[in-house]
Structures are given as C-alpha cells and as structure tokens.
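One line per chain: the protein sequences are H and A, in this order.
Residues 4 to 233 in the numbering used here are what the first sequence spells out, letter by letter.
Residues 223 to 516 in the numbering used here are what the second sequence spells out, letter by letter.
Here a beta-carbon is modelled for each residue, glycine too, at the ideal position from N, C-alpha and C.
Note that the coordinates shown come from a computational prediction; the quantities given were computed from them, not determined experimentally.
Structure record follows, encoded as structure tokens.
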Amino acid sequence: MLEIDAVHAGYDRTTVLHGVSVAVPEGGVAAVLGHNGAGKSTLLRVAMGLLRPRSGTVLLDGEDITRLAPHRRVARGMAYVPQGQQCFPHLTTAENLRLVADGRVNGRRAVAEVLDLFPVLRELSGRRAGLLSGGQRQQLAIARALITRPRLLLLDEPTEGIQPSVVADIEETILALAGRHGLSVLLVEQHVGFALRAAQRYHVLEAGRVTSSGAGGTAAERTVREALSV
Amino acid sequence: MTVVLNQSFTGVGIGAVLLLVALGLTLTFGQMGVINMAHGEFIMAGAYTAYVLQRSVDGTGLSLLLALPPAFLVAGTIGALLEWLLVRRLYARPLDTLLVTWGVSLMLQQLARDVFGAPNVQTRAPDLLTGNVSVAGVTLAANRLAILGLALLSVLALTLVLRLTPLGRRIRAVVQNRDLAEVSGIATERVDRTTFFIGSGLAGVAGVALTLVGPIGPTMGTNYIVDAFLVVVVGGIGQLKGSVITAFALGVLQSVLEYSTTVSVAKVAVLVAIVAFLQWRPQGLYTLRTRSLA
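Here's what the structure looks like:
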C-alpha cells in the first residue's frame, strides 16, 4: 500500500532521517517505535508530503507520490492525525468536521458516521474546538481524519499527552479501526505494548535509522523493549 | 445640539470611508498577514472602472451602482494575479512583501497615468445622491449616507461569507492552521488566492464609493492606504469587529477635532491618540484568545 524507500530528510542544516525504509501492507498495521527525537514525526511528515525528502521515494499503490501536495494525497485516500491534538481552534467542533466534508460526495453521512464513532463530539458540536480538553480534541482529530474515508491512516502518537481516563477509549477505537476491512494504518508510538497489540509489523527507529524490524504482536514486546533500552 | 449631531454624522461618514478601504485589508493583512502596499491601487482600479464604465455606458449617475460588481472583479483579478505572481512566493517574509508590493503600487500608479493621464477625473453621481437629507433638523449628505450603507452592507456580506459558507470555513481554517488544513484535503494555495481575490475586490468596491466624495487620480490610493492599515492594526489583527469599531471611532474623533481645531491639527492629534493607544494595547482592540493558544 505505502512504501517509504531510503528516505533522507531534515530541516535546514540538520538531517533527521538517514535512509529510512518502512512499508505498510495492504489492510495491515505497521508501527514505528522510537524515543523522542528519533525522527518518527518527521517520517510521517514526509509520508504525508508536509516535508519534502532530500532523497528517497514515497510510493502509494506503487505510484511515486514523493512530490505530490498533501491535499492531493488526501484525495488518493491518505489521512493524517498529527501530533498534539491539532484542530482549528476558532471553529466549532461541528465546523471542524463540516469543513472537511464540504464538497464531498456523502459528506453529511460521513460526518454522521464519525459522530457515531465518537458520540461525545455530538454533545460538543457547538463549542469552539480550542476550548475542548486534550482528549476531546484528539477524538475530534481522529474523527476529522476519518471523514475523508481514508484507505491509509497515519497516526502520530495518538495517546500522547492525554488524560489517562480517555487513553483507553482512544486505544480501543484505534484497535477497532485497525481491524476495519480495507483500512491500512501507519502508527507512530512510544508505548510499545499498545503499538505491538495493534501492529502486524514493527520498526524501531533510532537517531534517524531503522535499527530493527519484525512481526508485531505481544510476543515481540520483550525484543522491542530491549532494542529500545540500548 | 444640532452642531454636535451634524459633526458626529460627518465623523460617521469619514468612518464609513475608512471602514470600506480597510475592509479588504482585514482579509489580506488581518487574516493572511500580507502587508500589501498596492492595496491603495486596487481602490484606484475600482474607481477607474467606475469612470470607464460611466463614460462608455451612459452619462447618468446610475451606472455607479452598476459599476460595483465589475469594480470588484477588476480589483479582485489584479489582486489574485499579484498573489499568484509575487506574494505567494514571499509568505513569511513580510519585509520583502512590503517592498515588492510597494514597487507594484508605483508601477500601477504609472500605468494609470499612462492610460488615463495624470490629471484627476470625475464621475457623475446619481441625482439621488447629490443633495442632502434632513432628519430631525440634522442635515445628512446623501452621498455620505450611501457610503455608510455600502460599508455596512459590505461588512454584513463579508461576515456572512466567512461565517456560513464552505469557502468561509476554508478561509478561517487555513488562517488558523495551514498544515492541518492542507492534510485535511483543502487546497490551501487556492484558498489563499481566493482570499486575496475577495480582499482586493473589496478595495475595488471602496474605490467606486470614493468617486462619490472625491476625484479619481493615479495617486488616490496613497491617500487612504496608511489610514486603512491603521484601522486594522488598532482594531486588532484578524478581527473584523475591531476594525468596524475602530473605523467609526477614528472617524468621529477626526471630525470632532476638525471642528474644534483645523484639519491638519486634527490629523496629527488622531495619530498621537493611535500611538498612545497602541502603547497601552499593542495587540489592538480585540485579540483572539483560546485555551489552545494561551
């Protein structure tokens, strides 16, 4: 589905990714694990087109999309939930969702569907998104990404910085999404246990390089923890 | 009492003009952060559009009303072209944008001189707008009333577009979080151009209105550009409501001071008042505040 191949990328003079290759199988979940600053978010920014790599390619369904604008990637079935529970703070919850649904076939139905998935957003529909709690904003962020009915979902630390009471909810939703037919997921995480539960394949990223990869599942937990503690 | 009322209305009239010329800037400067020194020349483009239309269509003043949509289109198109050719390459470089658009402003002025000649020209106002209207002993100039009406209508239209339409949602979203808008599937560059088109088009509308109160000339825009920026800065960047209040407040202040002193003294006093106000509230009258940005 998605192949990131030998990508070098960075900002100004610093290079963050030194030849990273990660693949997401059709309908499957791939997890990228690593510490802060390992380059996980940069990898997702490259995958989504917010950052142009210095070299290397990004392929979607075998087609080179390395230089395609992010909004065109969305049109091809990609969606992205960036780090930090991002939203449009001065738009209401409902407007945040309608904005994405505008001009789409079955846009209204897509909004109704994501509201069924996150019922709490329905009660908050008139409130400005900037006034929501972190957990609510993350639910809004995931809902926003799902409105375009993606085939590939990129998630950047979806439970980071969220009150513990909501973390379980969000993790459950993501596991449910991961099991959905026809949805592939690239999950970037620091929480090894959760990531391995969701993923069929994992990659450990350290200082901009993939240092180990393997099959997902809870059995891999020990190997990954050891790889990360070095 | 009548004097006070008359003078306040004069102030409201000045305020309406200020509001009209600043309204487009609330989008291009307030929302997008572009310091567009050529905004005044979009006003001029609107005014000349009215002039050309009146000469080629008919001599009656009614064509001024008909000139509003074409003036919006002409000024908007020039603006969109400027955005596409230059401004979009200079986002996040405000000083370069200022210099480049200033250069464009001078070029457009020279272009107007070459095409229409250096002397000022005039349009004929509709008969309806030439006299005065008396309400309860207060004499109101009909052309000022018309400008006030046009200013309020423009504010209303802009507010409705921003609040209620899909385009308005996109414009606000791109301003608030560009990257997130882009990864949500919004073609942000196209939204930029559309925003610039509307902002510049509103300057064109202002240009038509200004033909009611003054001559049309190559440098007419420069008379208003500083005031327009002042209104947006004092009102609070990105806040339509702040600009509306500021425009009328400055207009009334100007007219009251003019009555008790002279025009130049009043102008200086207003500028001093603005400087003092910005010392006290550098962020302007209204600011955006949310939990996420706190």
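Below 7 Å CB to CB, which residues in the same chain sit around H:Leu118 once its five sequence neighbours on both sides are set aside?
-> If we look at H:Leu118 and ignore the five residues flanking it on each side, its Cβ neighbours are Leu124, Arg125.
First and last residue of the alpha helix (DSSP H) that includes A:Met329?
-> 316-338 is the span of the alpha helix (DSSP H), which, as asked, contains A:Met329.
Please classify H:Arg212: does DSSP put it in a helix, a strand, or coil?
-> Three-state DSSP puts H:Arg212 in a strand.
One or two residues paired with H:Ala218 in a DSSP bridge | Per DSSP, H:Arg204.
Cα-Cα separation, A:Ile264 to H:Ile165 = The question names Ile, but residue 264 of chain A in the sequence shown is Phe. Going by the C-alpha atoms only, they are around 49 Å apart.
Determine the contact status of A:Gln276 and A:Leu290, defining contact as a CB-CB distance below 8 Å.
-> Going by C-beta atoms, A:Gln276 is not nearer than 8 Å to A:Leu290.
Under 8 Å between C-beta atoms of H:Ala144 and H:Gln89 | Yes, the pair counts as a contact, with Cβ atoms nearer than the cut-off.
Identity of the residue in H:Pro73, H:Val49, H:Leu94, H:Met51 nearest H:Gly129 by Cα = Cα-wise, what sits closest to H:Gly129 is H:Leu94.
With 8 Å set as the bound, which would you pick, yes or no: does the beta-carbon of A:Gly407 sit closer than that to a beta-carbon of chain H?
-> Judged by the 8 Å Cβ criterion, A:Gly407 is in contact with chain H.
Check the Cβ of A:Ala395 against every Cβ in chain H and list those closer than 7 Å, keeping chain order.
-> For A:Ala395, the C-beta contacts it makes with chain H under 7 Å involve Phe91, Leu94, Leu102, in order along the chain.
Buried or exposed for H:Tyr14, please, with buried defined as at least 16 other CB atoms from any protein chain shown within 10 angstroms of its CB.
-> Exposed, because fewer than 16 other Cβ atoms sit within 10 Å of the Cβ of H:Tyr14.
Skipping 5 residues on each side, what residues in its chain have a beta carbon closer than 7 Å to that of A:Asn354?
-> Answer for A:Asn354: Thr361, Leu362, Ala363, Ala364, listed in chain order.
Assigned exposure category for A:Val326 - 16 Cβ within 10 Å defines buried | Counting of Cβ neighbours within 10 angstroms places A:Val326 among the buried residues, the total reaching 16 or more.
Chain-ordered neighbours of A:Gln398 on chain H, where CB pairs are closer than 8 Å | Going along chain H in sequence order, the residues near A:Gln398 (Cβ under 8 Å) are Phe91, Pro92, His93, Leu94.
Counting only the same chain and skipping the five closest in sequence on each side, list residues whose C-beta sits under 8 Å from that of H:Ser216.
-> For H:Ser216, where only same-chain residues beyond five positions count, the Cβ hits under 8 Å are Arg204, Tyr205, His206, Val207.
Is the Cβ of A:Leu402 closer than 8 Å to any Cβ of chain D?
-> Reference to chain D is not applicable here, since the protein chains of this structure are H and A.
How big is the Cα-Cα spacing for H:Thr45 and A:Gln344?
-> When the Cα atoms are used, H:Thr45 and A:Gln344 turn out to be separated by approximately 59 Å.
Are the Cβ atoms of A:Gly426 and A:Val337 separated by less than 8 Å?
-> Taking 8 Å as the Cβ cut-off, A:Gly426 and A:Val337 do not qualify as a contacting pair.
Alpha-carbon to alpha-carbon, H:Ser136 and A:Leu384 = Taking the straight line joining both Cα atoms gives about 26 Å.
Of all the CB atoms in chain A, is at least one closer than 8 Å to the CB of H:Gly50?
-> First, the amino acid is wrong: residue 50 of chain H is Ala here, not Gly. Not an interface residue.
Closer than 8 Å to chain H by CB, A:Arg392 = Closer than 8 Å to some Cβ of chain H, the Cβ of A:Arg392 qualifies, so yes.
Could you spell out where the alpha helix (DSSP H) holding A:Ala495 opens and where it closes?
-> Taken as a continuous stretch (DSSP letters only), the alpha helix (DSSP H) holding A:Ala495 covers 485-502.
What are the start and end residues of the alpha helix (DSSP H) that includes H:Gly59?
-> Run containing H:Gly59: none in the alpha helix (DSSP H); it sits in the beta strand (DSSP E), 58-63.
Cα separation between H:Val134 and A:Gly252?
-> Reading the sequence as shown, one finds Leu at residue 134 of chain H and not Val. Here the alpha carbons of A:Gly252 and H:Leu134 stand approximately 23 Å from one another.
Neighbour list for H:Pro56 in chain A, Cβ cutoff strictly below 9 Å | Going along chain A, no residue has its Cβ under 9 Å from H:Pro56, so there is no contact; the nearest lies around 17 Å.
Identity of the residue in A:Val377, A:Thr250, A:Gly458, A:Thr381 nearest A:Tyr508 by Cα = The candidate whose alpha carbon is nearest that of A:Tyr508 is A:Gly458.
With 7 Å as the limit, tell me which residues of the stretch 148-163 of chain H have their beta carbon closer than that to any beta carbon of chain A; keep them in chain order.
-> If the cut-off is 7 Å between Cβ atoms, the stretch 148-163 of chain H has Thr151 near chain A.
Any idea if H:Asn109 is buried or exposed, counting beta-carbon neighbours within 10 angstroms, 16 or more meaning buried?
-> Under this definition H:Asn109 is an exposed residue.
Where A:His261 falls: helix, strand or coil (DSSP) = Under the three-state reduction of DSSP output, A:His261 falls in the helix class.
Should H:Glu229 go down as buried or exposed, given a rule of 16 or more other Cβ atoms within 10 Å for buried?
-> The residue in question, H:Glu229, is exposed, as its Cβ has fewer than 16 Cβ neighbours within 10 Å.
For chain A, is any of its Cβ atoms less than 8 Å away from the one on H:Ala97?
-> No, because no Cβ of chain A sits closer than 8 Å to the Cβ of H:Ala97.
Which residues of chain H have a Cβ atom closer than 7 Å to the Cβ of A:Pro388, listed in chain order?
-> Per Cβ cutoff of 7 Å: Asp105, Gly106.
Since A:Val474 sits in a beta bridge, which residues does DSSP pair it with?
-> The beta-bridge partner set that DSSP reports for A:Val474 is empty.
Sorted by chain position, which residues of the same chain lie with C-beta nearer than 6 Å to A:Pro440's C-beta, five sequence neighbours on each side aside?
-> Excluding sequence neighbours, A:Pro440 sits near Gln331, Ala334, Arg335.
DSSP three-state call for A:Asp449: helix, strand or coil?
-> A:Asp449: helix per DSSP, three-state reduction.
Using DSSP with H/G/I as helix, E/B as strand and the rest coil, what is H:Ala26?
-> Strand.
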